[in-house]
Amino acid sequence: MSGPLGRIIAQVVVMGAGIVSKAFVQAYQQAVHNARSGNAGTVAAKTVAGKKKMSKQQALEILNFPTSGVVPSTEDIQKQFTRYFEANDPAKGGSFYLQSKIYRAKEALEANDSNERAPSSDKVNDN
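Per the working numbering, the sequence shown starts with residue 1007, numbered consecutively.
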């Protein structure tokens, strides 16, 4: 392999090693910087616990309610939840993932409903 092909392969190997070593050094420097500034735990926590709450719009769509401003009652939410949750039972060939989405949709609508109906403690009654 002393010909031109050997030389090209050697150059590619040397360049690849240089690129990998530079990337490793930069990653190490970033890790040291994050450790000094206390950022490492924060970044990890945001990544793990960075779950977004389901929007009301998405929850309505999952439970097959119209999204045009008509707010379903608690009974309607429970009825749709039961219907879709049972239809997606993994024991009956359904999907656990879909069951999870259905459960989270019900949870989001109930939380939204309780937030809208909760009396505001900020208001002062001057009567």
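Where is the CB? At the ideal position from N, CA and C, for every residue including glycine.
Cβ shell of residue i (< 7 Å), same chain only, five flanking positions each side left out
| i | result |
| --- | --- |
| F1087 | L1069, I1108, K1112 |
| T1013 | Correcting the residue type first, residue 1013 is Arg in the shown sequence and not Thr. Counting only Cβ-Cβ distances below 7 Å, and skipping sequence neighbours, we find nothing. |
Start and end residues, alpha helix (DSSP H) containing residue i
| i | result |
| --- | --- |
| L1069 | Per DSSP, L1069 belongs to no alpha helix (DSSP H) and is neither H nor E. |
| P1078 | Premise fails: P1078 is in no alpha helix (DSSP H) and is neither H nor E. |
| P1010 | 1010-1043 |
Residue-chain proximity (residue i, chain C), Cβ-Cβ < 8 Å
| i | result |
| --- | --- |
| D1119 | The structure shown has no chain C; it contains just one protein chain. |
Contacts around residue i, its chain only, beta-carbon distance under 8 Å, and the 5 residues preceding and following it disregarded
| i | result |
| --- | --- |
| G967 | Outside the displayed span of the chain (1007 to 1133) sits residue 967, for which this structure offers no information. |
Residue from the options whose Cα sits closest to the Cα of residue i
| i | options | result |
| --- | --- | --- |
| E1081 | M1021, E1116, G1024, Q1063 | E1116 |
| F1091 | A1114, V1076, R1110, P1078 | R1110 |
| K1085 | F1071, A1016, S1120 | F1071 |
| S1120 | F1102, L1104, P1078, Y1103 | P1078 |
Nearest-angstrom Cβ-Cβ length linking residue i and residue j, presumed shorter than 8 Å
| i | j | result |
| --- | --- | --- |
| K1028 | N1118 | Contact doesn't hold; Cβ gap of about 50 Å is too wide. |
| A1097 | M1060 | Not really, about 25 Å apart at Cβ, beyond 8 Å. |
Beta-carbon contacts of residue i that lie in its chain and below 6 Å, excluding the five residues immediately before and after
| i | result |
| --- | --- |
| K1129 | Its pLDDT being 49, under 50, K1129 is placed unreliably by the model, and the measurement read from it follows with that caveat. Counting only Cβ-Cβ distances below 6 Å, and skipping sequence neighbours, we find nothing. |
| S1106 | none |
Next item on the list: Write down every uninterrupted run of the alpha helix (DSSP H) in the segment 1079-1125 whose length is 4 residues or greater and which is fully enclosed by it, in chain order.
Entry: 1080-1093, 1102-1123
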